[in-house]
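Residue numbers (numbering that gives the first Met the number 0): 0 to 622.
Ideal Cβ positions, reconstructed from N, Cα and C, are used throughout, including at glycine.
Since the model is a prediction, treat every value here as computed from it, not as a measurement.
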Amino acid sequence: MRLYSGTVNEFIEDAFHNKLSSILTEKFEIYYGRRVNPREVVSWNNSLQFLKNVVERYANKDNMIVLESELPYCGERIDAILFGEDDDNKENIVIIELKQWENVESCEIEDNVITYVGGAKRMVPHPSVQVKGYHYYLTDFVDIFHEEKVGLSSCVYCHNYSKNRNAVLFRPEFEEELKNFPVFTREDFEKLGEYIKKKIGKGKGIELFNRFLSSNIKPSKKLVDYTSEMIKGQRIFNLIDDQIAANNTIIDRAKKCAKLKNKSVIIIRGGPGTGKSVIALNALAELLSKGHTVYHATGSAAFTQTLRKIVGFRASKLFKYFNNFGDKKENEIDILICDEAHRIRRNSNLRYTPSHLRTDTPQVEELINSSKVSVFFLDEYQIVRPTEIGGVELIRKTAEKFGADIYGFELKTQFRCNGSDGYLNWVDNLLGVRETKNTFLTQKEKMEIKIFDSPHKLYEAIKKKNEKKPNSARMVAGFCWPWSNPRPDGTLENDVVIGDFRMPWEGKTGYKLAPNIPPAPLWAYEINGVNQIGCIYTIQGFEFDYVGVIFAEDLSYDPGKKEWVCHPENSSDPALRINKENFMDYVRNVYRVLLTRGMKGCYIYFMNKDTENFFRSRIKETE
């Protein structure tokens, strides 16, 4: 998707007549189904005139230019891309990231700087590091860079920034990145122009642009498919934007942990699909390669056991649970990476913990105490049971008790749901999790949404997806049916019953299961998991190309009251049946998780027709 494309000549004409921001605004609102942020319009008005001035003098009139080009499977957009040939007839594509920055401050975190952006001073990646992320992300996914001899160059134009007044961006530590991904400032008008001219000065961009548009996009990457390679240090996922700043902080604090007086606590918030687990495993691999003592911990048996299975016996010891750190001495570990930290509990006692080993020490204190650097990845809207208390405020207050240096980040770039921020915001708005501007889901959203009139048809659709691409889809449901023990022969009871539709839940652990039936913690990973229905506890933390959701009777929409109504009496979740306080919040979060596990599509069957009608009323065609 792109908000603008045309020849350089057309771009110059549109800029001359002040049409660009109007064109971009109109395309944005049609495509995304919401109003554009006024700050973005201001940035278009400011930056694009500077870009026009450069290309008017140095580019060829039949070069092609694209503005606000969306990255594959991702909500982020590249400011400008130019297409053309150089004097040797070599085809080239040039990325130009535009910055309005005027002042930049040094940052103690390697590869990051501090500047005023988004209405406040923020820690952000150095612009060369940012555009490097876009560069490799494109080469990763777009086949034209692999199948043809097309060059890709990437640079930054900080048109308001004067290196004569502020040279922070050009400090020696950024020399290598600047060499590969140069930054041009207000004094560098001619240098930027010559850079562009050298790459595409001969023109002839139209045919290359058309091939770029029609080039195959490689399939999106699922984390579990590449975990083993990541742990071995292979570059699989290219981090971009807010992910880079967070990752840089983890690596920097780890590198300096032996010299630092205080502990470091890094809190990274992000919704579904913002790359929390990718950063966690990326940091784990990088820190292991540097010889640090580092562990990855979660509160999820399904997620941890799947990671252990993938990496094999030797590396499996790196993956722990939150309740494994109560016996550690202070600072015994260099770095502790806590993924899915919203699942932190009040303490580490288990149901069968002997009385003499039980403790009143809060679990979050054990985690921070054990490590010099502790990193917490969380999404507070994924708390789904009363025993889960992991939140930003709890972690921050505990870190303050230890006198730790605290770093906070919020990840916003979306990689799941086909990169559709609109879909995720729509789900949150629809369920009443939080207010967003996305009241309606338009048919132009990249996420494929289908509502089925029977669970049979839903399951058939999910099976077909798996037949076409093994392990690409799963069926899940609200926890509204009992979970039976396996039969004596290891087969499963068909617990989920809707009319004549019958299917089993995942296989319970601790029992002998028949061949080809995976235990619940491996349901998301083993290929035969498609033959059982998953619940919140086995799908949380995972992603599939497609997810099929049975929206059960524990939550329904009342059209008379025009509000959601919860039904604890219909729940079979023992954690919620015992403690019904805040049931509404938990069950909303459950369906938020279930509806956001798909990377390409979400298929739904509603048991309650009023709920189905409400969903349908919030999906509309866009002219």
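Counting of Cβ neighbours within 10 angstroms places G270 among the buried residues, the total reaching 16 or more. Under the DSSP assignment, P37 falls in the alpha helix (DSSP H) whose first and last residues are P37 to Y57.
Counting along the chain, no alpha helix (DSSP H) covers T114; the unbroken beta strand (DSSP E) around it starts and ends at N111 to V116. Three or more pairs of CB atoms, one per stretch, sit closer than 8 Å, so the segment 7 to 14 contacts the segment 42 to 52.
DSSP assignment within the segment 61 to 132 yields the following whole beta strand (DSSP E) runs of 3 residues or more, N-terminal first: 63 to 69, 76 to 84, 90 to 98, 111 to 116 and 119 to 124. Unbroken alpha helix (DSSP H) stretches of 4 residues or longer found wholly inside the segment 307 to 360: 312 to 315, given in chain order. Per the coordinates, the alpha-carbon of F543 lies some 31 Å from the alpha-carbon of L393. Taking all protein chains shown into account, N437 has 16 or more neighbouring C-beta atoms within 10 Å of its C-beta and is therefore buried.
Counted as a single uninterrupted DSSP element, the beta strand (DSSP E) harbouring A472 occupies residues A472 to A476. Taking every protein chain shown into account, the CB of P573 has fewer than 16 other CB atoms within 10 angstroms, so this residue is exposed. With a cutoff of 7 Å on beta-carbon distance, E387 and R342 are scored as near each other.
DSSP, read as helix, strand or coil, puts S213 in helix. Between P503 and Q531, the C-beta spacing is below 7 Å. Taking L593 as reference, the option from Y536, D488, E339 and P71 with the minimal CA-CA separation is Y536.
In the DSSP assignment, A296 falls within the unbroken beta strand (DSSP E) covering V293 to T297. Every alpha helix (DSSP H) stretch that sits fully inside the segment 523 to 571 and reaches 4 residues is listed by chain position as 535 to 538. Residue environment analysis places N261 among the exposed positions, since fewer than 16 neighbouring C-beta atoms fall within 10 angstroms of its C-beta.
Here the alpha carbons of A253 and S373 stand approximately 9 Å from one another.
Beyond the five residues adjoining it in sequence on each side, N45 comes within less than 6 Å, by CB distance, of Q99 in the same chain, given in chain order. Using a Cβ distance threshold of 7 Å, G74 and D420 count as a contacting pair. A Cβ-Cβ contact shorter than 7 Å links R587 with L430.
Distance from the CA of F169 to the CA of F318, rounded to the nearest whole angstrom, comes to 40 Å.
Each residue's CA atom was taken as its position, placing I309 and Y156 some 43 Å apart. Between the segment 188 to 196 and the segment 117 to 134 there are fewer than three C-beta pairs closer than 8 Å, too few to call the two in contact. No Cβ-Cβ contact shorter than 7 Å links D359 with C479. Across the structure, I526 and P454 are spaced so that their CA atoms are roughly 21 Å apart.
Three or more Cβ pairs drawn from the segment 93 to 107 and the segment 75 to 82 lie within less than 8 Å of each other, which places the two stretches in contact. Annotation: M583 is outside any beta strand (DSSP E); the continuous alpha helix (DSSP H) that includes it extends over F582 to L594. Within the DSSP bridge table, the entry for S263 names V372 and D404 as partners.
Approximately 14 Å separates the beta-carbon atoms of F27 and L47; this is outside 8 Å, ruling out the contact. DSSP lists F543 as the bridge partner or partners of G597. By the Cβ-count criterion, V564 is exposed, with fewer than 16 other Cβ atoms from all chains shown falling within 10 Å of its own Cβ. Collapsing the DSSP output to three states places V391 in a helix.
Linking E568 to R576 through their CA atoms gives a straight-line distance of about 8 Å. Proximity to V65 across I22, N102 and E39 peaks at I22, based on C-alpha coordinates. DSSP places R501 inside the beta strand (DSSP E), whose first and last residues are F500 to M502.
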